[in-house]
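S.K.: Got a structure for you, written out below as structure tokens; questions coming shortly.
Numbering (full-length UniProt numbering), first residue to last: 1 to 181.
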């Protein structure tokens, strides 16, 4: 992501906030991949579409108040992160499935042909999922999505040093998990 891209997206957000519908469409088109990827890494691909939709619903209500104190992309990803956090809080308040129900679903979804094709992706996903949420979030933002440490700090609302330490700890945890196997 270049600063030119960020400037363009921010300009679109400002225009959209003033009621320009074409700018809103362009803003969404320019940002939806980043939003979906972040949410897929945080919540899983099966929840990313719903959370992206929730994010853009929040954007529609917030765009008129957007003042470009940060880049629109950073602002948008912080809204996406909040949508994810709210969904986690909501899910924690709901009853859980029993272990037997999870085993039944897993047995239905697994097929021998798919196992080989997806084994590496599943292994990587399991490794990411094994990380503490704040470490996974920092690692995904900086190493997968390519945001700077400063941008990741702004998105998550923590200091740059905190992001750096979370990424370092996430890397250490990943190395530990792969060596343990």
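Cβ atoms here follow ideal geometry from the backbone N, Cα and C, with glycine treated the same way.
Leaving aside the five residues before and after residue 58 along the sequence, list all residues of the same chain whose C-beta is less than 6 Å from its C-beta, in chain order.
M.R.: Mapped onto the chain shown, residue 58 falls at position 58. Around residue 58: 79.
S.K.: I need the DSSP call for residue 38, collapsed to helix, strand or coil.
M.R.: On the chain shown, position 38 is the one that residue 38 refers to. It is helical.
S.K.: Count Cβ pairs between the segment 70 to 87 and the segment 10 to 19 that sit closer than 8 Å; are there 3 or more?
M.R.: When C-beta atoms of the segment 70 to 87 are compared with those of the segment 10 to 19, three or more pairs fall below 8 Å, so the two segments count as touching.
S.K.: What does a CB cutoff of less than 6 Å around residue 83 pick up in its chain, not counting 5 residues either side in sequence?
M.R.: Taking the first residue of the chain shown as 1, we reach residue 83 at position 83. Excluding residues within five positions, the ones whose Cβ falls inside 6 Å are 51, 54, 55.
S.K.: Can you give me the Cβ contacts of residue 147 inside the same chain, cut-off strictly under 6 Å, excluding the 5 residues immediately before and after it?
M.R.: The sequence position of residue 147 within the chain shown is 147, counting from 1. Result list for residue 147: 141, in chain order.
S.K.: Taking the alpha helix (DSSP H) that residue 69 falls in, what are its first and last residues?
M.R.: Against the chain shown, residue 69 aligns to sequence position 69. Segment: none, residue 69 is in no alpha helix (DSSP H) and carries neither H nor E.
S.K.: Could you spell out the range, first to last residue, of the alpha helix (DSSP H) harbouring residue 18?
M.R.: Taking the chain shown and counting its residues from 1, the one referred to as residue 18 is at position 18. Unbroken run through residue 18: none, as it is neither H nor E.
S.K.: Going by C-alpha to C-alpha distance, which of 87, 163, 30, 25 sits closest to residue 186?
M.R.: For residue 186 there is no data in the structure shown, the boundaries of the chain being 1 and 181.
S.K.: Taking C-beta to C-beta, are residue 38 and residue 145 nearer than 9 Å?
M.R.: The residue given as residue 38 occupies position 38 in the chain shown. The residue given as residue 145 occupies position 145 in the chain shown. Closer than 9 Å, so yes.
S.K.: Closest to residue 40 by CA distance: which of 159, 150, 129 is it?
M.R.: Position 40 of the chain shown, counted from the start, is the residue given in the question as residue 40. When only C-alpha atoms are compared, the closest one is 129.
S.K.: May I have the straight-line CA-CA distance separating residue 159 from residue 86, to the nearest angstrom?
M.R.: Mapped onto the chain shown, residue 159 falls at position 159. Mapped onto the chain shown, residue 86 falls at position 86. In a straight line, the C-alpha of residue 159 is about 22 Å away from that of residue 86.
S.K.: With a threshold of 8 Å on Cβ separation, who are the neighbours of residue 136 within its own chain once the five nearest residues in sequence on each side are excluded?
M.R.: Residue numbering aside, residue 136 sits at position 136 when the chain shown is read from its first letter. Cβ neighbours of residue 136 beyond the five flanking positions: 41, 42, 128, 129, 170.
S.K.: When we look at the beta-carbon of residue 35 and count the other beta-carbons within 10 Å, is it buried (16 or more) or exposed?
M.R.: On the chain shown, position 35 is the one that residue 35 refers to. Counting Cβ neighbours within 10 Å, residue 35 comes out buried, since at least 16 surround it.
S.K.: Kindly indicate which three-state DSSP category residue 55 falls into: helix, strand or coil?
M.R.: What you label residue 55 is simply residue 55 of the chain shown in a count that begins at 1. Residue 55: helix per DSSP, three-state reduction.
S.K.: Let me know the secondary structure DSSP gives residue 131 once reduced to three states.
M.R.: Locating residue 131 in the chain shown gives position 131, counting from the first residue. The answer is coil: DSSP assigns residue 131 none of H, G, I, E or B.
S.K.: Could you tell me the distance, in whole angstroms, from the CA atom of residue 61 to the CA atom of residue 7?
M.R.: As a working mapping, residue 61 is identified with position 61 in the chain shown. As a working mapping, residue 7 is identified with position 7 in the chain shown. Taking the straight line joining both Cα atoms gives about 21 Å.
S.K.: First and last residue of the alpha helix (DSSP H) that includes residue 142?
M.R.: Residue numbering aside, residue 142 sits at position 142 when the chain shown is read from its first letter. Residue 142 -> no alpha helix (DSSP H), and no H or E assigned at all.
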